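Here's the structure we're looking at; comments come further down.
Residue numbers (the working numbering), protein chains in the order written: chain A, 2 to 250; chain B, 1496 to 1807.
Printed below as a string of C-alpha cells:
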C-alpha cells in the first residue's frame, strides 16, 4: 500500500506495535533508561561521597533521638540539606556534604521547609532553648506555627528498646563495631548523665557530647531528641569559601 | 466484534459505515477501514502537530547536551570536585564561590572602612553604623532572635539586650568577646564560665535561711519586703554572696554575677523564682559563635545589638 512520506513516524510505531517480540524489547529498552539513571549511580557511590574526617556513626542516644525525629514526622516541615547557594550558606552555614548523610537510613534531605533547615542546627542554640522550644514553641518564637512536643519530656526513654536501633543500623551498613553494639544501652545512659564515667563511651564515640541535655533525672525522649539536634552538622564544620583540603581524608 | 472496533487498521476491503452505508476512509491513513465513528465521535489517525514533534526531539538533544556538559556521570566523579566531569568544567561549589566573589565585588567600599574602623568610630558615623545594622539583621534573626527575641527584648532566662543591665559587660569589646567564646558553652575551653552554688540543693543553706534571703534580695532593689527577715539574712549574705555579687549586691561583670540592686529580674522576681535561683542556682548558656559566624559578622552583630539602645 502506498505510504505517504509524512506518516513515516506513525507507521513505524504501527509496525512495532504489531510485532509482539519487537514491542517487548522496545519496552525493555525504554524502561532500562529509567533504571540506568536511578540505579547505576549507586554503583559509583565511592566516587561521589567524599570521605570527610571526623564523621562517626550516631551515638545510641543520638540514634534514639533520630528515631523520635522520624516518628514525629519532623521531616514534614524541616529539611536537612543546605544547598550550595549563597542565600543558603549565608543563613544556615556551610553546604551539606554527602558524607554527613552517609549513616542516615533513610536520609533526611527533604525539600519542604515550613520551618528552617536543621542540617547545622547543632550548637546554634542552647539545650535549654531546645527544651523550652519543644515544650511550647510560641514561648520563645511568638510567630512559630510548630506544634508543641511537651509529651516528649514525660515519655521515658527505654534504653533496651532503642539500643536495638544500633544493631538494625549495622545491618543496614552503618559501621558500628561489636563493642558499640554490645554497649549501646549503657552508652545511651552514660551520654545523658554528666556524672557518669564517660571514658569508654568517649573512646567509642570520639568527640561526642556528654551532658544532661534536659533537666530530667532519667533520660526521656526529649533528652534523646535534643542530643540528636545538638550534634546535627557539628561533625564536619568548614569554611565554604575555602574548603580545607585537609578536611577530606 | 473486532471488525467494527474503531481505530484499528484491518486488512480487507473498507467496511461500510453503519450510519450511511458508504465506506468510511481515513484521509490520513487510507489503509484503515471500518467505522471510524462511534457515538458521533470521529477518530482519525493523524500525526501530532509538527511543533510537538520538534519540541520532543529538541528536548532529547538538550538532555544529551546537559549529560556531557555538566557533571552528571557519577562514574567519572572524584569526591566533591566534579569540575572535571562535564565539558564546561562547572561545579556547584566553584559556582558558589564565584557567586560570593561577585557579591563581595559589589559590596560598597564601606566594607573596607568598616573593617578598619574601631567601634567608637563606627558608632559615631551614621553611615558605618547603618551599614553594620543592615548587614547584621538576618544573622541576628537566625542566630540570636530565637532566645533574645526579634527586638532583643529577651525572655525569661534569656537576657534583654535593649536595656543597660549587662551580665558580662555591655561595652562593644565585652559583647564581642561573649559572642566569640560563648557563655558556659560545654566542652569549649575559653568560654565565659562561672557557676553560682546551688545553696539549697547542696545543703549550704536551709530552707528558712533561703526564705529570709529572698526577703534580703528583695530589699536590695527596694522592693517591699519583711525587714526582720532581711536583717536576719544580712550576715549570711555577707558571708556567701558578696564575693561575687558585691557588698551591696551591685554584681560583678567579671564573673557574670548579676546586679541585685536594679529592678531587672532575668528569672522573675516572684518568691518562687528568687527561691529557686538561690536553692538550685541558675546558669544561662549561650553558644559559641566565633567559628560559626566569623569576626566580621560578629563585629556587625555587636553594632546591631547596641543599636537596640542598651550597651555601656
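No residue lacks a Cβ here, since even glycine has one placed at the ideal position from N, Cα and C. Model, not experiment: these values are computed from the prediction.
Short of 6 Å from the beta carbon of residue 1653 of chain B, and not among the five residues preceding or following it, lie these beta carbons of its own chain, in chain order: 1642 and 1643. Looking from the CA of residue 1803 of chain B, the closest CA among B:1602, B:1647, B:1558 and B:1585 belongs to B:1647. The beta-carbon distance between residue 1707 of chain B and residue 1727 of chain B, rounded to whole angstroms, is 5 Å. This is short enough to meet the 8 Å contact definition. A Cβ-Cβ distance of about 30 Å is found for the pair residue 1623 of chain B and residue 1751 of chain B, leaving them out of contact under the 8 Å criterion. Nearest to residue 1613 of chain B by C-alpha distance, out of B:1716, B:1582 and B:1798, is B:1798. For the pair residue 1700 of chain B and residue 1733 of chain B, the Cα-to-Cα distance works out to about 14 Å. The alpha-carbon of residue 128 of chain A is positioned some 19 Å away from that of residue 148 of chain A.
As the crow flies, the alpha-carbon of residue 1617 of chain B is around 25 Å from that of residue 1649 of chain B.
Taking the Cα of residue 244 of chain A as reference, the smallest distance to any Cα among A:95, A:113, A:167 and A:112 is reached at A:95. Nearest CB-CB separation between residue 1691 of chain B and chain A: not below the 8 Å threshold. Per DSSP, residue 75 of chain A lies in no alpha helix (DSSP H) segment and is marked neither H nor E. Annotation for residue 170 of chain A: the continuous alpha helix (DSSP H) segment containing it runs 160-172. Residue 1681 of chain B belongs to the set of residues whose beta carbon lies under 8 Å from a beta carbon in chain A.
Under the three-state reduction of DSSP output, residue 1525 of chain B falls in the coil class, being neither helix nor strand. Ranked by Cα distance from residue 1559 of chain B, the options B:1539, B:1546 and B:1582 are led by B:1582.
Spanning the alpha carbons of residue 1664 of chain B and residue 1753 of chain B requires a straight line of approximately 10 Å. Look at the segment 1577-1656 of chain B and you find these whole runs of alpha helix (DSSP H), each 4 residues long or longer: 1587-1601, 1605-1611, 1614-1619, 1621-1638 and 1640-1643. Taking C-beta separations shorter than 6 Å and ignoring five residues to either side along the sequence, the partners of residue 1693 of chain B in its chain run 1775 and 1776, following chain order.
Excluding sequence positions up to five before and after residue 51 of chain A, its CB lies within less than 8 Å of the CB of 98, 99, 100 and 249, all in the same chain and listed in chain order.
Rounded to the nearest angstrom, the gap between the Cα atoms of residue 1744 of chain B and residue 241 of chain A is 47 Å. Residue 222 of chain A and residue 158 of chain A do touch by the CB rule: their CB atoms are close to 6 Å apart, below 8 Å. For residue 1795 of chain B, the CB contacts under 6 Å within the same chain, skipping 5 residues up- and downstream, are 1627, 1630 and 1631 in chain order. Counting only unbroken stretches of 4 or more residues, the alpha helix (DSSP H) elements lying wholly within the segment 1709-1749 of chain B are 1722-1735 and 1737-1740, in sequence order. Straight-line spacing of the CA atoms in residue 1640 of chain B and residue 1782 of chain B works out to 13 Å. Contact of residue 86 of chain A with chain B by beta-carbon distance below 8 Å involves 1591 and 1594. Between the segment 220-236 of chain A and the segment 64-84 of chain A, the count of Cβ pairs shorter than 8 Å is three or higher; the stretches touch. Excluding its 5 nearest sequence neighbours in each direction, residue 134 of chain A has C-beta neighbours in its own chain below 6 Å: 141, listed in chain order. In the three-state scheme derived from DSSP, where H, G and I count as helix and E and B as strand, residue 1520 of chain B is classed as coil. Out of B:1545, B:1589 and B:1606, the CA that lies nearest to the CA of residue 1791 of chain B is found in B:1606.
Every alpha helix (DSSP H) of 4 residues or more that sits fully in the segment 49-106 of chain A is shown, in chain order, as 61-72 and 87-93. For residue 1781 of chain B, the nearest CB of chain A lies under 8 Å from its own CB, placing it at the interface with that chain. In this structure, residue 104 of chain A places its C-beta atom within 8 Å of the C-beta atom of residue 58 of chain A. B:1585 is the residue among B:1585, B:1805 and B:1666 whose C-alpha sits nearest the C-alpha of residue 1561 of chain B.
Measuring C-alpha to C-alpha distances from residue 83 of chain A to each of A:122, A:55 and A:46 identifies A:122 as the nearest. For residue 33 of chain A, the uninterrupted alpha helix (DSSP H) run begins and ends at 21-40, by DSSP. With fewer than 16 other beta carbons inside 10 angstroms of its own, residue 1651 of chain B counts as exposed.
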